[in-house]
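No gaps in the numbering here: position 67 of the sequence shown is 68 in the numbering used here, and each next residue is one more.
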Amino acid sequence: MKVTRFSTAQDVHDYFKTHYGPTIEAYANIGDNAVLAAELDAQLVELAAEYLTDGVMDWEVLIGTAAKI
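Pasting the structure below:
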């Protein structure tokens with residue numbers, strides 16, 4: 002799936018930091034440790050930059066459906 006929502010790696014970071022449960026939980030576990038928070042910030046921006054090309058990211062999505070019989 003092509004994702005075009007983000008212009009910069011920082012935009013990706015900001016979105017995941019405020020909207021994606023596992024990332025929110027990672028920051029909650031860090032607590033008030035500014036050093037660890039800064040390291041996580043940098044790693045998330047670096048990861049996003051690796052996969053963001055000209056404002057496009059390719060995401061793999063698993064879609065499942067079920068029916069109650």
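Ideal Cβ positions, reconstructed from N, Cα and C, are used throughout, including at glycine. None of the values given here were measured: they were computed from a predicted structure.
By the neighbour-count criterion, in which a residue is buried when 16 or more other Cβ atoms sit within 10 angstroms of its Cβ, Val-13 is buried. Under the 8 Å Cβ criterion, the segment 12-32 counts as touching the segment 40-52, having at least three qualifying pairs. Asp-59 carries a strand assignment under DSSP once its states are collapsed to helix, strand and coil.
DSSP places Phe-17 inside the alpha helix (DSSP H), whose first and last residues are 10-20. At a Cβ-Cβ threshold of 8 Å, Ala-27 and Leu-41 count as neighbours.
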